[in-house]
Amino acid sequence: MISNTTTPQSELKTHTVVIVGGGAAGISVAASIYKRDRNLDIAIIEPAGKHHYQPGWTMVGGGVFRPEVTSRPMSEVMPEFVSWYQKAVAAVDQDRNQIKLDDGSAIQYEMLVLAPGLELYWGGIEGLEAALGSNGVTSNYREGMASYTWDMVQNLKQGTALFTQPPMPIKCAGAPQKAMYLSSDYWLRHGVLKNLDIQFHNAGAVLFGVADYVPALEAYIEKYGIDVNFQSTLVSVNGPAQTAVFRSSDADGNSQDREVGFDMLHAVPPQRAPQFIRESALANENGWLDLADDTLRHKTFSNIFGLGDVSGTGNAKTAAAVRKQAPVVAENLIASLRNEPLRAAYLGYGSCPLTVENGKIVLAEFGYGGVLQPSFPKWINDGTKATRAAWFLKAKQLPALYWHGMLKGHEWLAKPAVRSTTD
Ligand code: FAD
Numbered sequence: 350m351i352s353n354t355t356t357p358q359s360e361l362k363t364h365t366v367v368i369v370g371g372g373a374a375g376i377s378v379a380a381s382i383y384k385r386d387r388n389l390d391i392a393i394i395e396p397a398g399k400h401h402y403q404p405g406w407t408m409v410g411g412g413v414f415r416p417e418v419t420s421r422p423m424s425e426v427m428p429e430f431v432s433w434y435q436k437a438v439a440a441v442d443q444d445r446n447q448i449k450l451d452d453g454s455a456i457q458y459e460m461l462v463l464a465p466g467l468e469l470y471w472g473g474i475e476g477l478e479a480a481l482g483s484n485g486v487t488s489n490y491r492e493g494m495a496s497y498t499w500d501m502v503q504n505l506k507q508g509t510a511l512f513t514q515p516p517m518p519i520k521c522a523g524a525p526q527k528a529m530y531l532s533s534d535y536w537l538r539h540g541v542l543k544n545l546d547i548q549f550h551n552a553g554a555v556l557f558g559v560a561d562y563v564p565a566l567e568a569y570i571e572k573y574g575i576d577v578n579f580q581s582t583l584v585s586v587n588g589p590a591q592t593a594v595f596r597s598s599d600a601d602g603n604s605q606d607r608e609v610g611f612d613m614l615h616a617v618p619p620q621r622a623p624q625f626i627r628e629s630a631l632a633n634e635n636g637w638l639d640l641a642d643d644t645l646r647h648k649t650f651s652n653i654f655g656l657g658d659v660s661g662t663g664n665a666k667t668a669a670a671v672r673k674q675a676p677v678v679a680e681n682l683i684a685s686l687r688n689e690p691l692r693a694a695y696l697g698y699g700s701c702p703l704t705v706e707n708g709k710i711v712l713a714e715f716g717y718g719g720v721l722q723p724s725f726p727k728w729i730n731d732g733t734k735a736t737r738a739a740w741f742l743k744a745k746q747l748p749a750l751y752w753h754g755m756l757k758g759h760e761w762l763a764k765p766a767v768r769s770t771t772d
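In the numbering used here, the protein residues as written are 350 to 772.
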């Protein structure tokens, strides 16, 4: 319950920089700000007791990582230089430069950084949330459930396996397919693939949003014999009956529902910004945080910045994007505090390591408008092909880079671009 009363000025806690969210984006940006100015008074508002390395959940679902390596106590990743409020933000009062917490208290800020991630809207698919975790219904997007995916994969010897992808935008747009390819690879290696009807139901009209990566993915679709259904959206699930209903629509807008039985269902929910953003003056017309593409400053409120999955910028919502965004926000926020022009630019980099088989990855790396932004020369890793080098990066290097690099302000391959114009 949120109090409508105004907290008296004398009782207000005040910080120069307040960061909302202690996920990949919140912790990284705190570290990048501190690296540039050790004297700033920074607070993080984060209710959760655990911090998750979500990119690892695909690997748990594929039997590659143990679940425990993907989570750490929040107290271990929370920097000692911030004041941590273990509370949730209920609202932003941008006219008073205050945030309201869910216990009714308020905090005053000079600069605000919004990084609360996104909301997995499980309720958007009827029956899904109740069905999760039994009768073969699973999702690597659900905290703690990727190990159930792995159990299902190992136990399935015949029948129908369904993998679904909701309408965009979602975090890590490739993750619904990653689960499908890793599962299919296991079934192929264990001689049961021929007994399985594997179906991919994608609400969208293409396999992947950037055309350069599609041929490599299509080769794996063919190899595993996957039946691909475009513009086929999961609308309801009946766990005990093991049935799912898909809605498909044609160009004239006519829709048709089809019920499909399954033995395993890997479902991904629709996704949206948290309510306190979605239903506020901070949102764009689609409900996401309304940021300038390059500076990551709010388009209307000049002392508010944002990054991570909540952002309405047109990049792929990934931790890889956060790696490049955090230094941009840090530089521009400090410039803003000093009344200097904003020089740092984010070019929309995001990355999606598509785990097409155990041991090989198609490493999609691209910026705004689908422009390819490879981190490595082609002779090390050709991103449009499945390579062992990219698997090695994801399986062996990226987790350490995340925990010990990105969250600590080590900005590996993340130097901000320089804006050609400043305002
Ligand atoms: P999060 O890391 O989700 O953190 C948001 C934080 O905000 C949370 O700690 C939450 O508790 C807090 N919060 C929420 N509401 C409030 C509130 N009201 N008040 C205060 N705090 C709040 N990315 C990649 O780069 N590569 C991959 O291979 C990859 N694979 C993925 C696979 C899966 C299955 C999933 C689920 C994600 C994957 N991602 C991948 C995406 C990546 O995990 C996200 O893009 C990244 O975590 C975004 O960081 P964030 O800080 O914006 O959000």
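Cβ atoms here follow ideal geometry from the backbone N, Cα and C, with glycine treated the same way.
The model shown is predicted, which means the values in this text are computed figures rather than measured ones.
Would you mind working out which of the options sits nearest residue i, comparing C-alpha positions?
i	options	result
Pro396	Asp390, Pro422, Arg621 and Tyr402	Pro422
Val367	Gly655, Trp499 and Thr644	Gly655
Ile710	Asp534, His539, Trp761 and Ala679	Asp534
Asp301	Arg607, Lys727, Lys673 and Met460	The question about residue 301 has no answer here: the residues shown for the chain are numbered 350 through 772.
Phe595	Asn603, Asp601 and Ser585	Ser585
Leu531	Thr407, Ser700 and Ser685	Thr407
Phe312	Glu567, Ser660 and Leu703	A question about residue 312 goes unanswered here, because the residues of the chain that appear run from 350 up to 772.
Trp433	Gln580, Val369 and Glu459	Val369
Gly657	His364, Ala374, Asn730 and Thr365	Ala374
Gly588	Ser424, Ala379 and Ala479	Ala479
Ser420	Gly758, Pro748, Met755 and Ser769	Pro748
Thr363	Arg445, Ala439 and Val378	Arg445
Ile474	Glu425, Val617, Leu721 and Asp576	Val617
Ala437	Asp452, Lys734 and Glu459	Asp452
Glu571	Leu542, Ser597 and Pro619	Leu542
Met517	Gly410, Ala744 and Ala552	Ala552
Leu756	His401, Asn635 and Asn544	His401
Glu689	Trp728, Glu714 and Asn652	Asn652
Phe414	Ser685, Met501 and Ala744	Ala744
Asp561	Gly719, Ala739, Arg387 and Ala763	Gly719
Ala670	Phe557, Ala713, Asn544 and Asn635	Ala713
Val563	Gly372, Ala380, Ser381 and Thr733	Thr733
Gly485	Asp500, Gly540 and Glu492	Asp500
Tyr490	Ile547, Asn730 and Gln620	Gln620
Can you grab the Cα-Cα spacing for the pair residue i / residue j, in whole Å?
i	j	result
Phe650	Lys399	31 Å
Val559	Ala665	11 Å
Val705	Glu760	28 Å
Gly405	Gly412	11 Å
Gly602	Val609	22 Å
His615	Ala528	8 Å
Tyr695	Leu645	7 Å
Gly574	Gly508	14 Å
Leu467	Pro623	6 Å
Gln779	Thr592	In the structure as shown, the chain starts at 350 and stops at 772, and residue 779 therefore has no counterpart that could be examined.
Pro416	Trp637	30 Å
Ile626	His647	12 Å
Gly476	Leu583	11 Å
Ala668	Cys521	8 Å
Ala568	Asp442	51 Å
Gly472	Ile393	29 Å
Gln514	His753	32 Å
Gln457	Asp576	54 Å
Ser700	Pro723	9 Å
Val767	Glu425	34 Å
Ile351	Ala440	Only weak support exists for where Ile351 lies, its pLDDT of 41 falling under 50; the value from the coordinates is given anyway. Their backbone Cα atoms lie some 9 Å apart in a straight line.
Ser598	Ser604	4 Å
Ala464	Glu628	16 Å
Ser496	Ser769	47 Å
Leu461	Ser685	12 Å
Asp612	Lys506	10 Å
Just to confirm my understanding: we take residue i, look at its own chain, exclude 5 residues before and 5 after, and list those with CB closer than 6 Å. What are they?
i	result
Pro663	As written in the sequence, residue 663 is Gly, which differs from the Pro given in the question. Closer than 6 Å at the Cβ level, and outside the excluded window around Gly663, lie Tyr717.
Ala693	Val677, Glu680, Asn681 and Pro765
Asn353	Legend: pLDDT at Asn353 = 45, less than 50; position of this residue unreliable, value from coordinates given subsequently. Nothing meets the Cβ criterion.
Asn633	Asp639 and Gly661
Leu389	Thr365 and Val366
Arg385	Ala679 and Ile683
Glu459	Thr365
Cutting at 7 Å between CB atoms, please list the residues of its own chain near residue i, excluding the five before and the five after it.
i	result
Ala455	Thr356, Leu361, Gln447, Ile448 and Lys449
Arg737	Gly708 and Lys709
Met494	Leu481, Gly482, Thr487 and Ser488
Spell out the partners DSSP gives residue i in its beta bridges.
i	result
Thr704	Ile710
Pro422	Lys399
Ala373	Per DSSP, none; premise fails for Ala373.
Met613	Ala510
His364	Tyr458
Lys648	Lys648 pairs with nothing; no bridge assigned.
Gln620	Leu469
Asn578	His550
Leu450	Val438
For residue i, collect the residues of the same chain with a Cβ closer than 8 Å to its Cβ; drop the 5 residues on either side in sequence, then sort them by chain order.
i	result
Gln503	Gly412 and Tyr535
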